[in-house]
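Engineer:
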Amino acid sequence: MGSLLMLLLLLLSPPPVQLWSQLEDSCRWQVVLNKYETLGVGSEKFFLQQPISNIDKFFNKLVDSPIDHKENYVGFPYYMKINFTCPGETPEAFVRGGYLKGLIPIVLVTFYAPVNFRKWKSERLQIQMEGAPFQTKACVMNWYTPMPMKNGSVMMEVEISSNRMGEIIGNGKFMININGFLKKEKDKLIFSLGHEVRPIIHRDFIDAPSRPVWATVDQAPVLILGGIPHEKMILISDSSFKDFSLVELNIDSCWLGSLHCPQEEFTASIFDAISTESVLFIRQNQLVYYFTGNYFHGDGKGPSTSTWVRVLHSRCIKKLCPVELHSNGSEYVLALAGGNEEGFFHFGTITDGRVNFRRMPNMKSLCDILKVHLDSLSLLFQIPAFIPIGDDMDFVMLLGMEKYTNYPLVPKGLFYNPFSHLLFIWGNAILQSYDKRNYIYMSTFPKESSVKYMTSSYKGQVVCVTENEEIWFIVEGSFKVHRLYPSDGWQVVFNLSQMKGSSLYAANETSVSIFYDSMGVHQLVYLINKKGEGKLLKRQLPVDQILVYQLLGLTTFEAHISPLVGTLSFINPCPFELMQIKDLPNPQRYTRLERYRAKPPFISSDSGFHSKVSLAIYQGLVYHLLWLHAKYNKPYADPVHDPTWRWWKDKKQHKAFYFYRASNFQTIYGVHIDMDGYGKLYKLKAESQLPEYIYLDKGNNYSFSIYVVTPKTSWKNSILFGHKHLRLAVILAHPQCVAARVKVQPLINRNAILFQVVIKDKRKCFNQSISGHNLMKTATLIKLVDSAGKCFRRTQYGHQMQGSHLIPTFIGCPPGKRLAFDITLTVQQNRETNKRYFDCVHPDPEMPCFLFSDPFYPFFLIQDMVTGESGSFNGSYVLKVIGGGTSLKEIVDYSEDDIFRYNSPNDTSESLIWIVRDNWTDSHSFSILSYNSSGIEWLCLPNSPCYDIVPKSIYSPEFFFKIMVSNRGVDTSTYCDYQLIFILHIHGLPLSNSRALFFLWISLCVYLAILFLYISWCFSWPHFQRWWSVFRRKVNDVIMSESFSTYSSSSGSVPSSARVSELQSPEIETRSSRKTRFKKKY
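Note that my numbering has the sequence shown beginning at 6, numbered continuously upward.
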């Protein structure tokens, strides 16, 4: 009868539910991975992590495309195959129909930041792509995009949306993670930590208690779940249990218990299972094992293991506990000791896949410390021995004056949210506190139940599971615990699902686990259909839907009977009718999400389908785009602040030519690359909802407005009583660090109220750090009083709770900010100030030179890689020369002592390289510069490395200085610890006095020698000419005499006439030569 009443109330739904008719999106996106060789065939596991190089051959032939042919183009190993399914016809028909209607899937891939920010770049990165239609030989059409990867990131969130053409399909989210626990054996992928066994059967989950999924939040690519009765098996999944495998582990089971570590029962079951970024932990009885996956081939994530490694040998471990949030570049896990080590715990640290355990406390256990030093310890709170009386109340404040029942209070565990500082002590009662001293007993939770585990989104929502498999829900900032299962709301959800014929619910089902991930709260459940067949699946836990139906069952109404008609008037439990978030700033400045766009190349195919060649080219373009992003860390700032600027800067002027070639079908492979389709997006608009998290630098503020329409029946009361029925509360986790300001603006003509909220950093609680490092966690809870669990709005994805929102906030230097050397402004300012500028003899446009004798005026930029903004750095900084050499290849780094001698004005060893012209120093004896400093004067004193440089050519000496600029400890305008290292080329260095004198002496000697030789040559030249003439005459005479003697000896064999002519000819020659000689002499 109660369920029937619920269904009738759905037809008369009062505000705030508003179940108006909407377009239903019954279609769902689907995505799997394919290799290039097997496009359109089956699905692949994300195992390969190295780029493929067989696509460069296609780029080499693209001679008429705007690409850099000097680059070596490679691609990612996988593609995403995208389609959608709808009830009714075959999926192929729907996909083809959607394509013909103009449907294009928009794919947004979000890379999760790695844990170790010291090894990997700390950034939030997205890339937006469009699906390229491709048809296989079997005439099956799908859309394809590259599946990109990013160094250090092992988790990727893929969100698929439509271009609002064709079929109505809601957005779909998928987790596609790298699985480092696979290996290839005989061309087949198998698990490296065990072997996949039989299919799942009933006894694996029936009558087995549910258990939590423990993992580092948003960092574990592979999730595992133990608890299979009497089997050393685990469930393992790399898709957040969208699909999974049952794996038997390769471990020994040899622990039988001992006197110092008693074991009540021996079992092969895996009790505790914890997933981290690259390491899996399990506990079997008192034995603890871990297994390190193969990620990036050990280059970044540490060495992988081929077998399970047993740790904490000869230790009695009774429980493994996760630390769900990473910190300081590492992940953590706790191993609680038992037996004769009761009171000790082992603190495990995981950094880059390397595991290290340390026992704590070092000497005495916690039990011994409490016994001996109880009087000297500061007691925060004494947990009451019995459960307080809380009849007809949602909560009881524990002040010491409350009354108690006879039920013992048995605490079992703790839950702590480091963002909001909310602490829960849970067991057969739930106590909550925001300061660890003052506690509230949440009396709506029954004392007969006992919480088994808690799971949280760390964004304001907590789910509790009890020993008897009840499910409870808590909204942070409220004092009420809502029962989700069993409940009337759950029963309505179940009945509606049965009416729709849904396969997600069954009359015979067993809850396996409840957990949160980036897509919300999910339930892993084992269903048995009417045929007795079992199936394990993951489904969304419809928290908001259940609460809506619960609310409908509690809604009261009034009957108004008039002479004409009778009406029912429902009482609205929500304090408002409509709530909207307005005046939101552009999100990227605060969420720090960088986004790139990559469209597939245009093709000239008549059918519009891509070919395998065009898909390979698309793969190479996406890879090159992300490669440009990764290597964009130049110390010298480009004229245009964009990583993709250099890609197209020499090709943009020929854009019309490339388009002309493509429009006339004259391109190779029929592919045209649009340069505007590849770039970075800087001006994303805000949606009508608050962000999941924000980053605040020093003194920054985040502002928005909340527009609330009040119920018409209560507006008069609101005017009379000052809006007491509708109040906005702002709860700050760290009020000493963050301030909030709320301005209320009544809009009487609209029957609404506008709350203007400003959240601002107080400049007090953080020092300085590198961009994205060691950020302080805090949170701001925005809630309309008495709205939690009572106010909902209907969306195309279901109901969504309104009125309460937790904004996790990171205080510190936001990711994506960097310091760069503004070479353009530096050259311009030096030219204007010094009235001249002399570049090197052989100019380098990437590294201009500066003259030694001119004062040097450096300028720097603060570049925001997220928003694209670039502005002058106006803070203070310290400049140090930390290395140098006479060429780029000969640069050496200086020691700390040398750095002090070369840069400190207080140095007395004649070693200074430079000095500030105004001589401004601080306590640590280094010069402090600022934007308006008077410049740098180069010294290169005798004991400095740049003193007396021997020139390598006829040009003046030059030197390359390795310079470090840092604002740490001297700049109070930001939380960012900027550090920039760049090379500065200085030419025109002077020689030392001795070397200059030596060079002068050598030059003088050479000059005098040349002058002496010249004078000597001028005096000796006429004599040389006469001597040469005499020498030639004598040589000729000798030759003639030898010729005559030869002729005389051979005259007997020659006729007389010939002999006469021979005798006459030399005589004639002699006469002629004499005449010539006489003329020359004359």
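Glycine included, C-beta positions come from ideal geometry on N, C-alpha and C. Keep in mind the model is a prediction, meaning the values are calculated, not measured.
Mind checking whether Arg594 and Leu686 have CB atoms under 8 Å apart?
Structural biologist: no
Engineer: Taking the alpha carbon of Gly171 as the reference point, which residue from Ser158, Ala225 and Cys32 has its own alpha carbon closest?
Structural biologist: Nearest C-alpha to Gly171: Cys32.
Engineer: Would Phe888 be called buried (16 or more neighbouring beta carbons within 10 Å of its own) or exposed?
Structural biologist: The question names Phe, but residue 888 in the sequence shown is Gly. Result: buried.
Engineer: Identify every run of the beta strand (DSSP E) within the segment 893-928, keeping only runs that are complete inside it and at least 3 residues long; order them along the chain.
Structural biologist: 919-921
Engineer: Sorted by chain position, which residues of the same chain lie with C-beta nearer than 7 Å to Ile608's C-beta, five sequence neighbours on each side aside?
Structural biologist: The residues are His615, Ser619, Gly675 and Val676.
Engineer: Give every residue of the same chain whose Cβ lies closer than 7 Å to the Cβ of Gly704, excluding the five residues on either side of it in the sequence, and list them in chain order.
Structural biologist: Asp766 and Arg768
Engineer: Within the same chain, show all residues whose beta-carbon is closer than 6 Å to that of Pro863, passing over the 5 residues directly before and after it, in chain order.
Structural biologist: Thr831
Engineer: Mind pulling the beta strand (DSSP E) runs of 3 or more residues that sit fully within the segment 806-845?
Structural biologist: If one requires a minimum length of 3 residues, the beta strand (DSSP E) runs lying completely within the segment 806-845 are 809-816 and 822-826, in chain order.
Engineer: Would you mind working out which of Val36, Tyr663 and Phe964 sits nearest Pro956, comparing C-alpha positions?
Structural biologist: Looking at the Cα atoms, Phe964 is the closest of the given residues.
Engineer: Using beta-carbon positions only, say whether Lys782 and Phe815 come within less than 8 Å of one another.
Structural biologist: yes
Engineer: Within its chain, find whatever has a CB closer than 7 Å to the CB of Leu194; leave out the 5 residues flanking it on each side and keep chain order.
Structural biologist: Lys50, Phe52 and Leu187
Engineer: Give me the residue from Leu108, Thr95 and Asn182 with the minimum Cα distance to Leu38.
Structural biologist: Asn182
Engineer: Need the endpoints of the alpha helix (DSSP H) that Gln1 sits in, please.
Structural biologist: The requested residue 1 is not part of the displayed model; the chain covers only 6 to 1087.
Engineer: Grab the span of the beta strand (DSSP E) containing Pro151 for me, first residue to last.
Structural biologist: Met146 to Pro151
Engineer: Work out the CA separation of Phe865 and Phe1017 for me, nearest whole Å.
Structural biologist: 56 Å
Engineer: Note down, in chain order, each residue of its chain lying with its Cβ closer than 8 Å to the Cβ of Asp399, except the 5 sequence neighbours on either side.
Structural biologist: Met447, Ser448, Thr449, Phe484 and Lys485
Engineer: Starting from the Cα of Ser516, find the closest Cα among Leu501, Asp212 and Cys742 and give me that residue.
Structural biologist: Asp212
Engineer: Note the first and the last residue of the continuous alpha helix (DSSP H) segment covering His629.
Structural biologist: Lys617 to Lys636
Engineer: Are there 16 or more other CB atoms within 10 angstroms of the CB of Gln801, so buried, or fewer, so exposed?
Structural biologist: Note on Gln801: under 16 other CB atoms within 10 angstroms of its CB, so exposed under the neighbour-count rule.
Engineer: Measuring only the C-alpha atoms, how far is Pro740 from Pro389?
Structural biologist: Spanning the two alpha carbons is a distance of roughly 29 Å.
Engineer: Starting from the C-beta of Gln27, find all residues in its chain whose C-beta is less than 8 Å away, skip the five residues before and the five after it, and write them out in chain order.
Structural biologist: Because the pLDDT at Gln27 is just 39, under 50, the model does not fix this residue reliably, and the point stays unresolved.
Engineer: Answer yes or no: do Cys789 and Leu733 have a C-beta to C-beta separation smaller than 8 Å?
Structural biologist: First, the residue type needs correcting, since residue 789 is Leu and not Cys in the sequence shown. Result yes, Cβ atoms of Leu789 and Leu733 sit closer than 8 Å.
Engineer: Only counting the same chain, and skipping five residues up and downstream in sequence, which positions put a Cβ closer than 6 Å to that of Leu598?
Structural biologist: Same-chain partners within the cutoff: Arg129 and Gln131.
Engineer: Taking just the CA atoms, how far does Tyr1012 sit from Ser1077?
Structural biologist: Low per-residue confidence applies at Ser1077: pLDDT is 44, beneath 50, and the placement is therefore not dependable, though the value from the model is reported in the following sentence. In a straight line, the C-alpha of Ser1077 is about 49 Å away from that of Tyr1012.
Engineer: Is it right to say Met870 is buried, meaning 16 or more other beta carbons lie within 10 angstroms of its own, or is it exposed?
Structural biologist: buried
Engineer: Thinking C-beta only, is Gly199 closer than 8 Å to Glu236?
Structural biologist: In terms of Cβ geometry, Glu236 and Gly199 do not form a close pair [threshold 8 Å].
Engineer: Using the rule of at least 16 other Cβ atoms within 10 Å of the residue's Cβ for burial, across every protein chain shown, is Cys1104 buried or exposed?
Structural biologist: The first residue shown for the chain is 6 and the last is 1087, placing residue 1104 beyond what the model contains.
Engineer: Are Leu811 and Leu780 touching if we call contact CB-CB under 8 Å?
Structural biologist: no
Engineer: Helix, strand or coil for Tyr1012 per DSSP?
Structural biologist: Annotated three-state conformation of Tyr1012 is helix, per DSSP.
Engineer: Measure how close the beta-carbons of Ile445 and Leu414 come, nearest whole angstrom, since I'm counting them as under 8 Å.
Structural biologist: About 14 Å separates the beta carbon of Ile445 from that of Leu414, a gap too long to meet the 8 Å contact definition.
Engineer: Looking at Gly136 and Val112, is the spacing between their C-beta atoms short of 8 Å?
Structural biologist: Closer than 8 Å, so yes.
Engineer: Output the residue ranges of the beta strand (DSSP E) runs that lie fully inside the segment 228-303 and measure 3 residues or longer, sorted by chain position.
Structural biologist: 228-230, 238-242, 250-254, 277-280, 284-289 and 292-297
Engineer: Tell me which same chain residues have a C-beta within less than 7 Å of the C-beta of Gly525, skipping the five on either side of it?
Structural biologist: Gln545
Engineer: Just to confirm my understanding: we take Asp549, look at its own chain, exclude 5 residues before and 5 after, and list those with CB closer than 7 Å. What are they?
Structural biologist: Phe797, Gly803, His804, Gln805 and Met806
Engineer: Whose C-alpha, out of Gly405, Lys441 and His351, is nearest the C-alpha of Ser383?
Structural biologist: When only C-alpha atoms are compared, the closest one is Lys441.
Engineer: How would you call His265, buried or exposed, if buried means at least 16 neighbouring beta carbons within 10 angstroms?
Structural biologist: exposed
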